[in-house]
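Student:
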Amino acid sequence: MLNDVSILLAEDDENDIFLMQRAFERAGVPNPLLVVHNGQEAIDYLAGNGKYAERDKHPLPGLLLLDLKMPWMDGFDVLAWLRGQPQFNTLPVVVLTSSKLQADVDKSRELGVYDYRVKPHTFEDLVRLLDDVRHCWLDERFNRYCAHK
């Protein structure tokens, strides 16, 4: 299990960020959770631009949890940018969104997302979802299986 790699969360809703932080604690996820608030910040973080240039303070994540509906630059824009960045071909990207629209699922898949998850309605379901995502994408023994679920 890759316990020491960070997880980058791109999420604009402060309530969802708070719930994710609490759910990480409850699920016992040891990975550091890093938060950016929109798509442009996610790209800046990944590219090491501006305030994210110092990699010892802002390490590259081992997993990106990406909301689709964010201001300025949404999750689809981030996915499109990632497609043009070969250094991120192996970065697992999991869309974590409230959208159940098939068009959003299809567009995400076309843009190379590894996994698409709808945000659950209860805290306990969120804890279970995070545990499952972590085991799927940060456990080298399982990630091949999860890619084909």
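According to this note's numbering, the sequence shown is numbered sequentially starting from 113.
Every residue gets a Cβ at the ideal spot worked out from N, C-alpha and C, and that includes glycine.
Model, not experiment: these values are computed from the prediction.
1) With 16 other CB atoms within 10 Å as the buried threshold, where does threonine 209 fall?
2) Tell me whether glutamate 123 is buried or exposed, calling it buried when 16 or more other Cβ atoms sit within 10 Å of its Cβ.
3) Does DSSP classify alanine 122 as helix, strand or coil?
4) What's the C-alpha gap between asparagine 127 and glutamine 199?
5) For the structure I just gave you, are there three or more beta carbon pairs, one from the stretch 209–220 and one from the stretch 156–163, closer than 8 Å?
6) Beta-carbon separation of valine 207 and alanine 154 under 7 Å?
7) To the nearest angstrom, how far is the alpha carbon of leucine 223 from that of lysine 212?
8) Please name the residue in Asn115, Gln152, Leu158, Leu250 whose C-alpha comes closest to that of methionine 182.
Tutor: On the basis of the supplied data:
1) Walking along the sequence shown from the start, residue 209 turns up at place 97. When all chains shown are included, threonine 209 counts as buried.
2) Here residue 123 is taken as the residue at index 11 of the sequence shown, counted from 1. Result: buried.
3) As a first step, residue 122 is located in the sequence shown; it is residue number 10 there, counting from the start. If DSSP states are grouped into helix, strand and coil, alanine 122 belongs with the strands.
4) Working through the sequence shown from its first residue, we reach residue 127 at position 15. Working through the sequence shown from its first residue, we reach residue 199 at position 87. Roughly 32 Å between the two C-alpha positions.
5) Verdict: no, contact absent.
6) Position 95 of the sequence shown holds residue 207. Position 42 of the sequence shown holds residue 154. No, the pair does not count as a contact, with Cβ atoms beyond the cut-off.
7) Stepping through the sequence shown from its first residue, residue 223 is reached at position 111. Stepping through the sequence shown from its first residue, residue 212 is reached at position 100. So the two alpha carbons sit approximately 17 Å from each other.
8) As a working mapping, residue 182 is identified with position 70 in the sequence shown. Looking at the Cα atoms, Gln152 is the closest of the given residues.
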